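**Q**
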Amino acid sequence: MSLLRTENVIMQFGGVVAVNDLNIDIKKGELAALIGPNGAGKTTAFNVITGVYTPTGGKVLFTPTDKSGATTEIDITGKKPDKITGMGVARTFQNIRLFKELTVLENVLVATHLNADYSFLSAMLRAPKARKGERQAKMDCEFLLERLGLIDLKNEKASSLPYGQQRHLEIARALATKPQLLLLDEPAAGMNPQETDELTDLIFKLKTDFDLTIFMIEHHMDLVMEISDHIYVLDFGCTIAKGTPDEVQNNPKVIEAYLGVDADVED
Ligand SMILES: Nc1ncnc2c1ncn2[C@@H]1O[C@H](COP(=O)(O)OP(=O)(O)OP(=O)(O)O)[C@@H](O)[C@H]1O
Ligand SMILES: [Mg+2]
């Protein structure tokens, strides 16, 4: 079953066509990757899916499962980012976006408020239901911090964390919104090979444990090839290849896009 589909999505900024006719179909439970050279349009595709931009053409369709287990395809094209998050799509950002002055725990708590079933007013008045809700939210966040290896740092300022741990915190914050689809924009950026290996294992485990579907932008090819079920390759906004890791790795168009040379030409 498709969880996320895009139909002929186009995103044009003035004369720049950042995404041109994007058709993706991500099945529930899979891990899909979006790769391509710098400036290919990958982050723009995520921005369209998450409502940061309304595409200049095409549709974004999301099929969440509700509490009763029923599924309905919803046209989320151009909906507000917080609405889309509320429906079950969470993301991390290529340029880390944490509340630098808040603690690690507070950064995750902020995200849970989207799902709170008590009102802001009752929280202000410290009504019993709100107090119980807050206690539960704190426990949920601490559980996530434990899973992301950050529990011992929960009272540290987010800005004091090394880069790699800030990326983990972004994932914890995304998970706090209870997503069905998790979009990761270069989760291993700035990480050394060992950290990248650990992150690869972690992403794979989180996918199973939280029953997630993952769509990931990454430049670390070993990570992408190891854990992706399907890969989409963008170049100048266009999808030049899609398929399994094996299919994509051996596709001459992909080799050419990455090396900037005709793959058939021997050196
Ligand atoms: N808000 C915007 N206004 C104008 N142009 C934009 C905007 N956002 C993106 N672009 C342009 O769209 C193109 C694609 O950018 P995008 O950030 O999506 O690439 P990317 O594949 O994520 O690259 P990278 O690997 O470097 O992160 C670039 O030419 C970029 O300059
Ligand atoms: Mg990008």
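If you count by the working numbering, then the sequence shown holds residues 1 to 267, one letter each, in order.
Yeah, the Cβ is synthetic: ideal placement off N, Cα and C, and Gly gets one too.
These numbers were taken from a predicted model, which means no experiment stands behind them.
1. Could you tell me the boundaries of the beta strand (DSSP E) in which D25 lies?
2. Where does the unbroken beta strand (DSSP E) through M11 begin, and where does it stop?
3. Can you tell me whether E218 is buried or exposed, with buried defined as 16 or more other CB within 10 angstroms of its CB?
4. How would you write the range of the alpha helix (DSSP H) that T185 sits in, first residue to last?
5. Any heavy atom of ligand 2 closer than 8 Å to the Cβ of I10?
6. Do three or more CB pairs link the stretch 147-157 to the stretch 96-113 at distances below 8 Å?
7. In the DSSP output, which residue or residues are listed as bridge partners for R91?
8. CA-CA distance, S2 and K80?
9. Can you list, in chain order, the residues of its chain with a C-beta nearer than 7 Å to that of H220? Leave out the 5 residues immediately preceding and following it.
10. Cα separation between A257 and D235?
11. Would the beta-carbon of K27 be found less than 8 Å away from any heavy atom of ligand 2?
12. Would the stretch 235-255 and the stretch 18-26 be scored as touching if the rule is three or more Cβ pairs under 8 Å?
13. Would you mind sorting K83 into buried or exposed? The rule is 16 or more other CB atoms within 10 Å of its CB.
14. Based on the DSSP output, what are the partners of D75 in its beta bridges?
**A** Judging by the given coordinates:
1. D25 to K27
2. S2 to F13
3. buried
4. Per the sequence shown, the amino acid found at residue 185 is Asp instead of Thr. From DSSP, D185 is part of no alpha helix (DSSP H) but of the beta strand (DSSP E) over L181 to D185.
5. no
6. yes
7. L183
8. 22 Å
9. A188 and T196
10. 7 Å
11. no
12. yes
13. exposed
14. L61
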